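Structure first, commentary second.
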């Protein structure tokens, strides 16, 4: 349990500031022998840092609490959930909470990222303790101010009250110049005493978004700001040659053409003028010969190619020879784009050796470090001020435009805004890697006797600036690529998971759920085929292979719940309709889904999706439901429609209009049932991505007899 000490304790008071309180965190380290098991359970990430304590809360003069969130709000509702955690122990109403992004100049710096479905689970215990600590400090100060024993004072709705008297938190702060830690550790509430946690409260960021306030990275601004259009490589592997900027520099509004070793940019008074001038820039590019084509990519990502690592192995997996009770299937998933609504934008202003950066980033600390390394500016002189994000999904873990904006501001002495153009988001960002899967199993008396999953994938975590270069040597297998690829059917005594690292000649990396969607598609589709071969109900077949421990019971619980709410196998469906089931366990959160489908004009139509999830302690049930609906919609879009290919060294398509995604008309009715267990929250943002593709595929197989083994499903046509 994290504890406060004098060393990691910090208080500051001042005019207009109120009481600002911050603490440092204590974390843990992981070793290789522990990694696979813990990562699969979602237990690796610790909210830890060795930096100096920073400000977390401020009691303001109007008695509101300003919370500096180290986690970034990108539409997932983290501001609201964290505010509920703070309000619960601090004894204030949610209406008294105000939440802002933590700036690196004074707020807590997240040493990890906003991602991995850990924003709540990694902060809950420490944030609860911190809020309780502040509550007790306020109560102790009220003893002297009110002349009432501590045992007769309680905190209620932002006041300390007792014996008919009361003081607001703001009044206590205004009358206090010295503070000290309580002698004993505060007692945290039991879940049955919660008044704020567990309630479906409105989101704290709702008003700003409804009013369309300029709160995103694309909106970031400074007085007298100018705009840059950065030229990026038009082909994979292209090398920049001679730059001819004569015509571009004469264009209307152009301030300067800046040529750096790794980028060229045109700075102009408006974005339009910068983009128009960029068209006149002449650059000689040397491209690889021949240019990269899709066939080469497909040939690289294959089982049997690349570097092999055994990720999971139990018992004897040698009995997979061909036979009446053996079955083998192969699955493929394609390259995919993030296709987030808002392109990556950043505004930077360098002055007198210091720089302020306003941007949407999922990795505040890493972005600051990259700016420092690229420019030589000391990290303490770099103030990253995060903005809201119009979608993240892992794309905003990669932020080279940040240092580009800083360099350009250094060059011209003015604040500069840099924006990834939409084509650059597709071509010069990074992609979800393609995958290839081989699954083999043998049945014995209707149960799986032995099973093997082989995964071939481009890099996910490896090659990222967030993961050290020695990671492949230390870890062996890319934990991002095999995420969701282990067997949660732990009653299968003989099992093996093998990972083939296939390195592509372009950057692939983080995407929502990492390998979860692809791996779950392969495993859960295969499990359905095994259930069919065993002539068993697919839910009962799954349950029979789940270990009856705490983790297994939770997985069984969501399977039974989704069967209950959907009537799977228990109600008669309209003619031409069918249901399919699938489940996944990700970051120690089990999810089960059932998709109801029909065939309409030869294509698959998903009519309804039922989802049951057990995310542990639920902070805001509306937030959990929204996350499930979002993940299911995104997973449906990716599995039904989305696909990128490489042609002549370029990504195609590279625009929203051409990149087919699910439309509103394609999104089914989604019913979510939440099973809350335990007193600790677990991840929600990515686990529901796992079951949706195989649930659809299993429903289609039941309806048509066709086993779809390739994503996207739009390539399949039915009479």
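Residue numbers (this note's numbering): 100 to 818. C-beta: ideal position from N, C-alpha, C; glycine also. These numbers come from a predicted model, not from an experiment.
Between the region 419–432 and the region 466–480, do three or more beta carbon pairs fall short of 8 Å? Cβ pair count under 8 Å is below three, so no.
From residue 336 to residue 381, what does the alpha carbon distance come to, in whole angstroms? Position 237 of the chain shown holds residue 336. Position 282 of the chain shown holds residue 381. Here the C-alpha atom of residue 336 lies approximately 19 Å from the C-alpha atom of residue 381.
Suppose you measure from the CA of residue 223 to the CA of residue 785; what does that come to, to the nearest Å? The residue you call residue 223 lines up with position 124 of the chain shown. The residue you call residue 785 lines up with position 686 of the chain shown. Taking the straight line joining both Cα atoms gives about 18 Å.
Which one of 722, 781, 230 and 742 has the shortest CA to CA distance from residue 298? As a working note, residue 298 is residue 199 in the chain shown. That would be 722, whose Cα lies nearest to the Cα of residue 298.
To the nearest angstrom, how far is the alpha carbon of residue 279 from that of residue 236? Within the chain shown, the letter at position 180 stands for residue 279. Within the chain shown, the letter at position 137 stands for residue 236. Cα to Cα, residue 279 sits roughly 7 Å from residue 236.
CB contact flag (residue 190, residue 255, <8 Å): Within the chain shown, residue 190 is the residue found at index 91, counting from 1. Within the chain shown, residue 255 is the residue found at index 156, counting from 1. For the pair residue 190 and residue 255, the CB atoms are nearer than the 8 Å cut-off.
For residue 416, which residues from the same chain have a beta carbon less than 6 Å from its beta carbon, with the 5 sequence-adjacent residues on both sides left out? In the chain shown, residue 416 corresponds to position 317, counting from 1. Within the same chain, Cβ atoms closer than 6 Å to the Cβ of residue 416 are found at 549, 551, 593 and 595, the five residues on either side in sequence being excluded.
Report all residues from its chain with a CB closer than 6 Å to the CB of residue 832; omit the five preceding and five following residues, and keep chain order. No answer is possible for residue 832: the residues shown for the chain start at 100 and end at 818.
Could you tell me which residues DSSP pairs with residue 534 in its beta bridges? Indexing the chain shown from 1 puts residue 534 at position 435. In DSSP, residue 534 forms a bridge with 432 and 556.
Is it the case that the Cβ atoms of residue 534 and residue 555 are separated by a distance below 8 Å? Indexing the chain shown from 1 puts residue 534 at position 435. Indexing the chain shown from 1 puts residue 555 at position 456. Contact flag set, yes.
DSSP three-state call for residue 281: helix, strand or coil? In the chain shown, counting from the first residue as 1, residue 281 sits at position 182. In the structure shown, residue 281 adopts coil according to DSSP, grouped into three states.
Look at the alpha carbon of residue 566 and the alpha carbon of residue 465, and state the distance between them as a whole number of angstroms. For the purposes of this step, residue 566 is taken as the residue at position 467 of the chain shown. For the purposes of this step, residue 465 is taken as the residue at position 366 of the chain shown. Using only the alpha carbons, I get a separation of about 10 Å.
Less than 8 Å between the beta carbons of residue 519 and residue 433, yes or no? Position 420 of the chain shown, counting from 1, holds the residue named residue 519. Position 334 of the chain shown, counting from 1, holds the residue named residue 433. No, the Cβ-Cβ distance between residue 519 and residue 433 is not below 8 Å.
Tell me whether the beta-carbon of residue 802 lies closer than 8 Å to the beta-carbon of residue 698. Position 703 of the chain shown, counted from the first residue, corresponds to residue 802. Position 599 of the chain shown, counted from the first residue, corresponds to residue 698. Result yes, Cβ atoms of residue 802 and residue 698 sit closer than 8 Å.
What is the residue span of the alpha helix (DSSP H) that residue 727 lies within? For the purposes of this step, residue 727 is identified with residue 628 of the chain shown, where counting begins at 1. From DSSP, the alpha helix (DSSP H) with residue 727 extends over 720–739.
What does a CB cutoff of less than 6 Å around residue 730 pick up in its chain, not counting 5 residues either side in sequence? Position 631 of the chain shown, counting from 1, holds the residue named residue 730. Only 787 and 788 meet the Cβ criterion.
Just the C-alpha distance for residue 735 and residue 350, rounded to the nearest angstrom, thanks. Taking the first residue of the chain shown as 1, we reach residue 735 at position 636. Taking the first residue of the chain shown as 1, we reach residue 350 at position 251. Distance between the alpha carbons of residue 735 and residue 350: 45 Å.
Considering just the uninterrupted stretch of the alpha helix (DSSP H) at residue 702, what are its terminal residues? Counted from its first residue, the chain shown places residue 702 at position 603. Segment 702–712 is the beta strand (DSSP E) holding residue 702; no alpha helix (DSSP H) there.
Apart from the five residues on each side of it in sequence, which residues of its chain come closer than 8 Å, Cβ to Cβ, to residue 794? For the purposes of this step, residue 794 is taken as the residue at position 695 of the chain shown. So the list reads 623, 679, 680, 681, 692, 693, 694 and 708, once near-sequence residues are dropped.
State the CB to CB distance for the pair residue 821 and residue 463, rounded to an integer number of angstroms; the pair is presumed to be in contact (CB under 8 Å). Nothing can be reported for residue 821, as the shown portion of the chain is limited to 100 through 818.
Touching by the beta-carbon criterion (3+ pairs, under 8 Å), the region 162–176 and the region 238–255: no
Quick one: what's residue 72 bridged to in DSSP? Absent from the model: residue 72. The displayed extent of the chain is 100 to 818, so no value can be given.
Going by other Cβ atoms of all chains shown within 10 Å of its Cβ, with 16 needed for buried, is residue 544 buried or exposed? Residue 544 sits at position 445 when you count from the first residue of the chain shown. Result: exposed.
Where residue 440 falls, given that 16 or more other Cβ within 10 Å makes a residue buried: Numbered from its first residue, the chain shown carries residue 440 at position 341. Flag for residue 440 reads exposed.
If the criterion is Cβ atoms closer than 8 Å, does the pair residue 672 and residue 767 meet it? Walking along the chain shown from the start, residue 672 turns up at place 573. Walking along the chain shown from the start, residue 767 turns up at place 668. Cβ atoms of residue 672 and residue 767: not closer than 8 Å.
For residue 226 and residue 185, which I take to be in contact (beta-carbon distance under 8 Å), what is that distance rounded to the nearest angstrom? As a working note, residue 226 is residue 127 in the chain shown. As a working note, residue 185 is residue 86 in the chain shown. Indeed they touch by this definition, with Cβ atoms about 6 Å apart.
Per DSSP, what kind of secondary structure is residue 781 in: helix, strand or coil? As a working mapping, residue 781 is identified with position 682 in the chain shown. Assignment of residue 781 by DSSP, reduced to helix, strand and coil, places it in the coil class.
Check whether residue 497 and residue 608 have beta carbons under 8 Å apart: As a first step, residue 497 is located in the chain shown; it is residue number 398 there, counting from the start. As a first step, residue 608 is located in the chain shown; it is residue number 509 there, counting from the start. Inclusion of residue 497 and residue 608 in the CB contact set at 8 Å is warranted, their separation being smaller than that value.
Nonlocal neighbours in the same chain, by C-beta distance under 7 Å from residue 819, ignoring five residues either side: With the chain running from 100 to 818 in the structure shown, residue 819 is simply not present.
In angstroms with no decimal places, state the Cα-to-Cα distance between residue 410 and residue 469. Mapped onto the chain shown, residue 410 falls at position 311. Mapped onto the chain shown, residue 469 falls at position 370. Approximately 32 Å between the Cα atoms of the pair.
Measure the alpha-carbon distance for residue 445 versus residue 347 and round it to whole angstroms. Within the chain shown, numbered from 1, the residue matching residue 445 stands at position 346. Within the chain shown, numbered from 1, the residue matching residue 347 stands at position 248. If you take the alpha carbons of residue 445 and residue 347, they lie about 23 Å apart.
For residue 652, which of helix, strand or coil comes out of DSSP? Walking along the chain shown from the start, residue 652 turns up at place 553. Helix, per DSSP.
Starting from the Cα of residue 719, find the closest Cα among 780, 660, 530 and 650 and give me that residue. Locating residue 719 in the chain shown gives position 620, where the first residue counts as 1. Out of 780, 660, 530 and 650, 780 has the C-alpha closest to the C-alpha of residue 719.
8 Å Cβ cutoff, residue 701 in contact with chain D: Any reference to chain D falls outside this structure, which holds one protein chain only.
According to DSSP, residues forming a beta bridge with residue 343: As a position in the chain shown, residue 343 is number 244, starting the count at 1. Partner(s): 381.
Would you check if the distance between the CB atom of residue 772 and the CB atom of residue 711 is smaller than 8 Å? On the chain shown, position 673 is the one that residue 772 refers to. On the chain shown, position 612 is the one that residue 711 refers to. Cβ atoms of residue 772 and residue 711: closer than 8 Å.
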